[in-house]
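Enquirer:
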Amino acid sequence: MASLPRRIIKETQRLMQEPVPGISAVPDDSNARYFHVIVTGPEDSPFEGGLFKLELFLPEDYPMSAPKVRFITKIYHPNIDRLGRICLDILKDKWSPALQIRTVLLSIQALLSAPNPDDPLANDVAELWKVNESEAIRNAKEWTRRYAMDN
Amino acid sequence: MEESMTTSQGGESDMECSDNEFYDYYNSNDDIDIEQIDPRNIDPEYFEYNCLLEEQVDRLLNETVETLSNNLQIPPSLAKVLLHSNQWNINEVTKKFNDNSTQTLIAARIEPDAPPSSLLLTRLSSYVYCSVCATLQHFENFHNLSCAHMFCNECWTMHFEVQINQGISTGIACMARDCIVLAPEDFVLKHLQRPNMREKYQQFSFQDYVKSHPFLRFCPGPNCSIVVHSKDIKAKRATCNQCKTIFCFKCGCDYHAPTDCHVIKKWLTKCADDSETANYISAHTKDCPKCHICIEKNGGCNHMQCYNCKHDFCWMCLGDWKSHGSEYYECSRYRENPNIAHESVHAQAREALKKYLHYYERWENHSKSLKLEEQTLEKLRSRINQNVMSGLGTWIDWQYLFTAANLLAKCRYTLQYTYPYAYYMEGGSRKELFEYQQAQLEAEIENLSWKIERAETTNRGDLENQMDIAEKRRTTLLKDFLDE
Chain B
1 MASLPRRIIK ETQRLMQEPV PGISAVPDDS NARYFHVIVT GPEDSPFEGG LFKLELFLPE
61 DYPMSAPKVR FITKIYHPNI DRLGRICLDI LKDKWSPALQ IRTVLLSIQA LLSAPNPDDP
121 LANDVAELWK VNESEAIRNA KEWTRRYAMD N
Chain Y
1 MEESMTTSQG GESDMECSDN EFYDYYNSND DIDIEQIDPR NIDPEYFEYN CLLEEQVDRL
61 LNETVETLSN NLQIPPSLAK VLLHSNQWNI NEVTKKFNDN STQTLIAARI EPDAPPSSLL
121 LTRLSSYVYC SVCATLQHFE NFHNLSCAHM FCNECWTMHF EVQINQGIST GIACMARDCI
181 VLAPEDFVLK HLQRPNMREK YQQFSFQDYV KSHPFLRFCP GPNCSIVVHS KDIKAKRATC
241 NQCKTIFCFK CGCDYHAPTD CHVIKKWLTK CADDSETANY ISAHTKDCPK CHICIEKNGG
301 CNHMQCYNCK HDFCWMCLGD WKSHGSEYYE CSRYRENPNI AHESVHAQAR EALKKYLHYY
361 ERWENHSKSL KLEEQTLEKL RSRINQNVMS GLGTWIDWQY LFTAANLLAK CRYTLQYTYP
421 YAYYMEGGSR KELFEYQQAQ LEAEIENLSW KIERAETTNR GDLENQMDIA EKRRTTLLKD
481 FLDE
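As you go down the protein sequences, you meet chains B and Y in turn.
So that you can map any letter, position 148 of the first sequence is 148 in UniProt numbering, and since no number is skipped, the others follow by simple counting.
So that you can map any letter, position 319 of the second sequence is 319 in UniProt numbering, and since no number is skipped, the others follow by simple counting.
1. What do you get for Y/Gln416, buried or exposed, if any count of 16 or more other CB atoms within 10 angstroms of its CB means buried?
2. Got a sec: is the Cβ-Cβ distance from Y/Ala283 to anything in chain B below 7 Å?
3. Name the residues in the segment 52–69 of chain B whose C-beta lies less than 9 Å from a C-beta of chain Y; which are they?
4. If you drop the 5 nearest sequence neighbours on each side, which residues of the same chain put their C-beta closer than 6 Å to that of B/Asp28?
5. Do B/Leu4 and B/Ala32 count as a contact pair if the criterion is CB distance below 7 Å?
6. Which full runs of the alpha helix (DSSP H) of 4+ residues lie inside the UniProt domain "RING-type" (291–335) of chain Y, going along the chain?
7. Measuring alpha carbon to alpha carbon, tell me which residue in Y/Tyr424, Y/His84 and Y/Tyr436 is nearest Y/Ser169.
8. Could you check which residue in Y/Cys301, Y/Asn459, Y/Thr135 and Y/Phe247 has the C-alpha nearest to that of B/Ile9?
9. Quick one: what does DSSP say Y/Thr394 is sitting in, helix, strand or coil?
10. Using the C-alpha atoms, what's the distance from Y/Ala349 back to Y/Phe402?
11. Would you say Y/Ala272 lies against chain B (beta-carbon separation less than 7 Å)?
12. For chain B, check one thing: does any of its Cβ atoms lie closer than 7 Å to the Cβ of Y/Val181?
13. Note down, in chain order, each residue of its chain lying with its Cβ closer than 8 Å to the Cβ of B/Gln17, except the 5 sequence neighbours on either side.
14. Ordered along the chain, which non-local residues of its own chain (more than five positions away) have a Cβ less than 7 Å from that of Y/Asp81?
15. Verify the CB distance criterion: does B/Pro97 have a CB-CB separation below 7 Å to chain Y?
16. Classify Y/Lys236 as helix, strand or coil using the three-state DSSP reduction.
17. Check the Cβ of B/Lys92 against every Cβ in chain Y and list those closer than 9 Å, keeping chain order.
18. To test your reading of the DSSP string, which unbroken beta strand (DSSP E) runs of 3 or more residues are found completely within the segment 177–248 of chain Y?
19. For Y/Ser101, is the classification buried or exposed, using 16 other Cβ atoms within 10 angstroms of its Cβ as the cut-off for buried?
20. Would you kindly work out how many angstroms separate the C-alpha atoms of Y/Val188 and B/Met64, rounded to a whole number?
21. The alpha helix (DSSP H) that contains Y/His159, what's its start and end?
22. Is the Cβ of B/Arg7 closer than 7 Å to any Cβ of chain Y?
23. Give the straight-line distance between the Cα atoms of B/Pro46 and B/Ala148, rounded to the nearest whole angstrom.
24. With 7 Å set as the bound, which would you pick, yes or no: does the beta-carbon of Y/Ala114 sit closer than that to a beta-carbon of chain B?
25. Please confirm whether Y/Pro76 and Y/Val65 have their CB atoms less than 7 Å apart.
26. Which same chain residues end up closer than 7 Å to B/Leu58 when comparing Cβ atoms and leaving out the 5 residues on each side of it in sequence?
27. Does the count of Cβ pairs from the segment 45–53 of chain Y and the segment 225–234 of chain Y closer than 8 Å reach three?
28. Could you have a look at Y/Asp480 and say whether DSSP puts it in helix, strand or coil?
29. Going by DSSP, what residues sit across from Y/Cys51 in a beta bridge?
Below, the structure written as structure tokens:
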């Protein structure tokens, strides 16, 4: 295996030394490109109190290509589908090599605070979010309690 | 007396006085004008275009780039970005640039919309930190675009290679977050060493340039690299001089006169959606309306003659052919139910399907006839060979039959494309005129097809006369209905 680029080493060191509040990202023991991530549900959001597990993988041509990120914990959110895939512009066409793991995770945390039902990935969720927001928020809280609070 | 002497003797003085003395009937240039009638006026399908090779397109684009670069005093690579983002309209770019150069450069993503912060440009030492690879390197190793975001050369190279592998070329932006400044050609090429990467980049950007140029169209033929050039952006017929593909210059799809580009797109989508129903309903065989024997259509002509009872009938409407040879030919016209507005939704849906099927069947039938007539042409070829071998005329003597077959294909093709036109046409006198002309064309084409299939027994003069009539009908229809 090719040696790890300096950029990835630097980023990993900084994530360990100055962790982002509410986010933990730890590289896998056997693969330094694979990170175990935990994001806490933001305050004043339906996800408050939950701990959400994600996986993050840095592809071969990182940072020229965006990292691959996926929710492992089930979550009721209009921009995240059943498989945990995330609809976020900086992970797609708005990716810039100057962005980092830290900025990506912060953006995901911000997405939990501000769902965007007009650019949906999970259609049924987005639909309810638009038609009946209070019921959608109730569902999101229920899912958070059921899937993101134990363990 | 002297005057008449000079004129009758001719000579040099003749030229001087001919203007005011009398009209020189034989030596005037007027008759040349008569021969040079503008073909646009006679031929509704007249279209001026060139088929260009890749090098010729490159030359054409580079000439425009050079002119703009000289006019505006900017480097050629920036002139190219400007032209690419302004549909290669050099006059418009020049005007925009002269009005407001800063805004024009920002709009083309050559300059950042906010001036680069001075911090980015000041260097504290001869070493600079590259935020992408997280290394400290000598500043000579760094490059930046107009936005002043500095990154090391290796990172630029990697960035460009990853983008090119995704098929992106003219749209590669700076690596900084939220920065949309584009990397011009010379900047990209400066960072690409690998020959296959340079080649890929040039190939992709060439495609982008041609696609953004309103006067250029790639030939849609498979593996054909010809680019058609015309200053007339109209839905006219272009024929590739290499692969012979015929297409509409405006939309790049199959030629479709007299229907226009967006209508034919709508029609083809509809046909693709409904094809199963239509296929199910229109079977390949029909029964003779008189003796009810099952008949399979094996030629392009719609004038059928039952081999069993010798009854002449029309394949499309199953009516007696007698009524088709005259001006009462109405098989191409769809008769709408006048009381449809008062009928139930169900009946209206049935009527809508019936109407669509009427046009679809005729459209599909002509398409099939075109294929069958290709076979007729093959049979014709072998029969002509036999004739020539047995001393019945020379190869050249029989050429008129091929001309006739080609003309038939051309006419039937246009006729096929009149059906989507008629389907989307609103009712009224214009539609009546259209369907009248369509019916006329239909009748003449069937006559022509009948005569070609029976070429040996048809008199040559008779056939050539029929060809002339059919082509006249076709151009008349196009003249009246092919939108400019």
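Virtual Cβ for every residue (Gly too), placed ideally from N, Cα, C.
Owing to the predicted nature of the structure, the values given are computational and were not obtained by experimental measurement.
Expert: From the atom records:
1. As a first step, residue 416 of chain Y is located in the second sequence; it is residue number 416 there, counting from the start. It is buried - the Cβ of Y/Gln416 has at least 16 other Cβ atoms within 10 Å.
2. Stepping through the second sequence from its first residue, residue 283 of chain Y is reached at position 283. Its pLDDT being 49, under 50, Y/Ala283 is placed unreliably by the model, and the measurement read from it follows with that caveat. No, Y/Ala283 lies away from the interface with chain B (no Cβ there is under 7 Å from its Cβ).
3. Asp61, Pro63, Met64 and Ser65
4. What you label residue 28 of chain B is simply residue 28 of the first sequence in a count that begins at 1. Same-chain partners within the cutoff: Tyr34.
5. The sequence position of residue 32 of chain B within the first sequence is 32, counting from 1. The sequence position of residue 4 of chain B within the first sequence is 4, counting from 1. Yes. Within cutoff.
6. none
7. Your numbering for residue 169 of chain Y matches position 169 in the second sequence. Closest by alpha carbon: Y/His84.
8. Here residue 9 of chain B refers to the residue found at position 9 when the first sequence is read from its first residue. Answer by Cα proximity: Y/Thr135.
9. Residue 394 of chain Y sits at position 394 when you count from the first residue of the second sequence. It is coil, neither helix nor strand.
10. Working through the second sequence from its first residue, we reach residue 402 of chain Y at position 402. Working through the second sequence from its first residue, we reach residue 349 of chain Y at position 349. Each residue's alpha carbon lies about 45 Å from the other.
11. Translated into the one-based positions of the second sequence, residue 272 of chain Y becomes position 272. No, Y/Ala272 lies away from the interface with chain B (no Cβ there is under 7 Å from its Cβ).
12. Position 181 of the second sequence holds residue 181 of chain Y. No, its Cβ sits nowhere closer than 7 Å to a Cβ of chain B.
13. Residue 17 of chain B sits at position 17 when you count from the first residue of the first sequence. Closer than 8 Å at Cβ, skipping near neighbours: no residue.
14. On the second sequence, residue 81 of chain Y is found 81 positions in, with the first residue counted as 1. Checking the sequence shown, residue 81 of chain Y turns out to be Val, not Asp. Cβ neighbours of Y/Val81 beyond the five flanking positions: Ala108, Ile110, Leu182 and Pro184.
15. If you number the first sequence from 1, residue 97 of chain B lands on position 97. Answer yes: the Cβ-Cβ gap between B/Pro97 and chain Y drops below 7 Å somewhere.
16. Position 236 of the second sequence, counted from the start, is the residue given in the question as residue 236 of chain Y. Coil, per DSSP.
17. Position 92 of the first sequence, counting from 1, holds the residue named residue 92 of chain B. None at all; the shortest Cβ gap to chain Y is about 12 Å.
18. 216–218, 227–229, 237–239 and 246–248
19. Here residue 101 of chain Y is taken as the residue at index 101 of the second sequence, counted from 1. Y/Ser101 should be labelled exposed.
20. Position 188 of the second sequence holds residue 188 of chain Y. Position 64 of the first sequence holds residue 64 of chain B. Those two C-alpha atoms are separated by around 15 Å.
21. Your numbering for residue 159 of chain Y matches position 159 in the second sequence. Y/His159 -> alpha helix (DSSP H) spans Asn153 to Asn165.
22. For the purposes of this step, residue 7 of chain B is taken as residue 7 along the first sequence, with counting starting at 1. Yes - at least one Cβ of chain Y is within 7 Å of the one on B/Arg7.
23. Along the first sequence, one-based indexing puts residue 46 of chain B at 46. Along the first sequence, one-based indexing puts residue 148 of chain B at 148. C-alpha separation (whole angstroms): 12 Å.
24. In the second sequence, the residue the question calls residue 114 of chain Y occupies position 114. No, no contact with chain B.
25. By 1-based counting over the second sequence, the position of residue 76 of chain Y is 76. By 1-based counting over the second sequence, the position of residue 65 of chain Y is 65. Contact: yes.
26. Along the first sequence, read from residue 1 onward, the residue named residue 58 of chain B stands at position 58. Once the five neighbours on either side are set aside, the close Cβ partners of B/Leu58 are Ile8, Arg33 and Pro67.
27. yes
28. Mapped onto the second sequence, residue 480 of chain Y falls at position 480. Of the three classes helix, strand and coil, the one that applies to Y/Asp480 here is helix, per DSSP.
29. Looking up residue 51 of chain Y in the second sequence gives position 51. Per DSSP, Y/Val228.
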